[in-house]
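In my numbering, the protein residues as written are 169 to 376.
What follows is a short report on a single structure.
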């Protein structure tokens, strides 16, 4: 997990906390402590992708950050490039609970003048332990007069929409999108400009 940052929040980590020591740990417990560690993981991941962007230089790109606060591991399933490619590092195969993945997606090289427009699917568990697939999508067009987009979907395992359908819905999205249902919270956002930060936060509801 070379480009997943932050301390893994697992049962072993919770054993060192008075609140959980010698007690049965739950997904909700791990999610609670992961969200408390979000800022540190996010800052480390942001620093990394900023460095990759500096290496890449000018040009349309998307600085992507995915934080896992679900209390379980997120596993890479699939990805799709409508336009553009990854720069230097691949999508992490796993994103541990409490960790933030980061990677840079850049525009196509050549005469096409296309932007950074892609999606990645990760598999994780909602609050009741049921596995779900999460589609995380960003659209950063090459043309400055077009609006950047962020979009997300949640589906049963192996039943994500077609890439064409995902792209059509993402094109009608805005700077932010979210899902709050079935014991799952997914929030994605982007910003204006030719190299925005795309942020995705996956978490579950938890008590204080």
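Built from N, CA and C at the ideal position, the CB exists for glycine as well.
Remember, it's a predicted structure, so these values are computed and weren't measured experimentally.
Nearest Cα to residue 208 within the set 176, 193, 243: 176.
Look at residue 217 here: in three-state DSSP terms it is helix. The Cβ-Cβ distance between residue 294 and residue 203 does not fall below 8 angstroms. For residue 182, no beta strand (DSSP E) encloses it; the enclosing alpha helix (DSSP H) starts and ends at 179-183. Per DSSP, the unbroken alpha helix (DSSP H) holding residue 334 starts and ends at 331-339. Proximity of the region 326-335 to the region 269-284 falls short of the contact definition, fewer than three beta-carbon pairs being nearer than 8 angstroms. The Cβ atoms of residue 265 and residue 198 lie closer than 8 angstroms to each other. Exposure of residue 311 is indicated by the presence of fewer than 16 other C-beta atoms within 10 angstroms of its C-beta. Here residue 309 has 283 as same chain residues with Cβ atoms under 6 angstroms from its own Cβ, once five neighbours each way along the sequence are excluded. Partner residues in the beta bridge of residue 262, as assigned by DSSP, are 243. Taking every protein chain shown into account, the CB of residue 281 has fewer than 16 other CB atoms within 10 angstroms, so this residue is exposed.
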